[in-house]
Structures are given as structure tokens and as C-alpha cells.
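For the sequence shown, the positions run 5 to 366 when our numbering is used.
Input: a single structure, listed below in C-alpha cells.
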Amino acid sequence: MQPFAMRQLQPLVVRGLSHLTGFSVYSIFLALGVVSIVAVLAIVGGLLLRSGAPVWILVATGGCFFWADLVRGLALPDLWYAALLALMLYALANRRTLAAILMLFPLSLSRESTLLVLLCLLLAAWKRLSVVKRVLAFAATFAGSFITGRLSANALANQQHVPGSLYVLGKIPWNFLKNIIGAYPWTPGMNVCTPTWQIHLPFGPIKVFGVCGWVLSLPLMTLFDGLTRFGLFPLLLLFFFPVRTWRSLWRESLFLRFCLIYGVISFLLAPMLGTAVPRLFGYAWPLFMLAVPACVPLIFKSGAKAWGFLAIHLIVSYLPDIEAPLQISLPLAIVGYVVGWWLLRAAKEAPEAQPDEIVAFG
């Protein structure tokens, strides 16, 4: 179905490998998932070790529930796309901008949102890139989009029968109303509720738009998903990176500039892009699972505060898997953040705390 039929590369690779090896499609998806998660973890772990991250940060990153949840959707493009994106990040961390640019082609063949990757890369690296490399970045992205467009030309239309680009744009206000405001939207083709208010639209295939009412649990669930998707790493981002620190990193590291721009935009847009909000928050992983852990100052000595923070971080990250009622799980997540903040302040103000030095690379 459009526009999701443009996610062509992974199923084509699976089909080709299944034909060559004789193994079932399921087996190939499983094998490809194993290779993808190993590649992502190897790159993330290698870059964190290179940054001098302490052991507790390595455990906090590798033990986060995000990775286990990512593996669950083998038929989705997320894990495959994460592996390709990790290769691009590795190239950026090693100042191989040409290799990073060339990765835009397989990324574009794999998911339609690669346009955001292109935009963030150009914003992060515009001054460093020659005119030739800028043109090559556009060419790699749009060549992939052109190929997937041709391959998916006969795909089924979406339920609203609108062009794919308009469908994606229309998701933003629709899901903003639902996931952030809590106003459940309605159209005649999606009769999941009875509208309490509606308006007739003067143009387009959708003739009537309405709202079913306000549901408090929807924005609260969005808040819970945002707090727990990466454990307490968002707290580390807010605690350790004041404006002056990010200005320094912005000048020094193309890799960190890209992770910051891409991660922040992905995280803020997540509730507005669809109904699978936890999965969409996960698109911000380069910031929270790589850039933030790589840059955290070494303020913790090996002791109770470090391992206490680690324990709370892991508990918060696994709260979605427990599937407790929201009225229980959300307060637990908030308490985890409050205790985590207290531990960070106590560690930073301790006499033995090390200076807030940040190692930047890339």
C-alpha cells in the first residue's frame, strides 16, 4: 500500500537470498535480523569504547529494552534500516563523508523517510561538503526514491486514495490531534468512533472531517512512550548538555551534529507520524543510544550512585514490556526520572566528582 510500498530493498534482498539458498522467507528474515542487530550493536559498542565510555554506560546502552523491541519486528524495515544507518554513522564518525553520502542510496531504497536523513546531513555538514558532494547526496537519495517509485507503481492505493506525499503530510496534523492533544480524529473511511463535531471539506477525496471527543489517555500514553523508550538517556541529555556545551560539540564534530539534528527532529515528530508511537520514537536512536552515551562526562565513580542510576534506567526502559496499567506505569516512570535526577546532582556535586569533560569525535 502507498506510500509504504516504497520500502523495497529489504524484501528484495530477502527474496533474492531465499531464491539463491532455498531457505524459506521466514528463515532469511530471521538471519537478516540477526546480522542487522549484530552489526548495529558492534558499531555502537565500538564507537562507545572509542569514546572512553565507562562500563556502566556500556551496560546501560546494551541492556536497554529498545534493542529487544527492535528485534521483534523482523518483517518491518526498522532493524534493517538501523543497520544501514549505523554504517552511515560509522563513516561520519571516521570523517568519511563520501562513504556516508553513498549510504543514502540503500537507505532511500529501504524507507521513504530517508529524505529526513538527507536534510539532517546537509544541515550538519553543509560547510564541509563540496558542491560535488552536495549534488551527489541529492542524487543518491532521489535515485533510490525514483527506483522504488517505479517498483511500487502498481501498489494498492491507501484507504483515503490520496497521493503518497499528501498522505504522509496529512498524518502530521491527524496524529498531532490524536497523540498530543488527545482529540480523536474521524473521517467516513475510519469509523472507529462516533464524531461529536464534524466539518465538510470543500475539496479533496476526503469530504468530511470530524472529532470524536477528547481522550486523556492518548497524550498520557505518548508521554509514557517518550519517557521510557530510551530509559533515562533523555535525562542525561538534558542534565549534561547546556547550550554552551552543545555549541562546542557543534563546532568540533560532524558526527555529533548529525546525531543531534536527526535525533531531536525524529523524537519531536514521532507522535505526529503514526499510531505506533513507541516504534516512531525509536527512530531517534542515534542521539540517545550513541551520541548521548558517548558524550556523558565521567562524573560517577564505581559505586552505589552509578549502579543505582543504571538499575533505575533499565527498570524505566523495561516498563512498557511489563504492560502494567498506565495509571501505575506512568507514575513509576516519572519517579524513576526524579530519582535519576537526584542521583546525577548528588554525583556531580560530590567532592570526588571528575570535571565535566566531553570527548567529541567525528
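Heads up, the beta-carbon is just placed ideally off N, CA and C, and yes, glycines get one too.
Given the structure is predicted, the values throughout are model-derived calculations rather than measurements.
Check: S350, DSSP secondary structure in three states; Outcome: What sits at residue 350 in the sequence shown is Ala, not Ser. Looking at A350 - three-state DSSP - the assignment turns out to be helix.
Check: Spatial distance of P199 from H23 (CA atoms); Outcome: 50 Å
Check: Where V3 sits in the DSSP three-state scheme; Outcome: No information on residue 3 is available, as it lies outside the stretch 5 to 366 that the chain covers here.
Check: Y188: first and last residue of the uninterrupted beta strand (DSSP E) it sits in; Outcome: 187–190
Check: Span separating the alpha-carbon of L96 from that of A310; Outcome: 30 Å
Check: At least 3 beta-carbon pairs within less than 8 Å: the stretch 125–143 vs the stretch 37–54; Outcome: no
Check: Whole runs of the alpha helix (DSSP H) within the stretch 248–292, excluding any shorter than 4 residues; Outcome: 258–273, 281–285
Check: Cβ pair count under 8 Å reaching 3, the stretch 286–298 against the stretch 232–243; Outcome: yes
Check: W130 (DSSP reduced to helix, strand or coil); Outcome: coil
Check: Three-state secondary structure assigned by DSSP to G153; Outcome: helix
Check: Beta-carbon proximity check, L108 vs A144, cutoff 8 Å; Outcome: yes
Check: Environment of W130 [buried if 16+ CB atoms lie within 10 Å]; Outcome: exposed
Check: F245 in three-state terms, based on DSSP; Outcome: coil
Check: Sheet register partners of G214 (DSSP bridge); Outcome: W190, Q202
Check: Whether G186 touches V219 by CB criterion (8 Å); Outcome: yes
Check: Which listed residue (L34, G153, F33) has its alpha carbon closest to that of R11; Outcome: G153
Check: Outcome for Y30 when other beta-carbon atoms lying within 10 angstroms are tallied against a minimum of 16; Outcome: exposed
Check: Where L51 falls, given that 16 or more other Cβ within 10 Å makes a residue buried; Outcome: buried
Check: Cβ-based burial, Q331 [other Cβ within 10 Å; buried from 16]; Outcome: exposed
Check: With 16 other Cβ atoms within 10 Å as the buried cut-off, status of V342; Outcome: exposed
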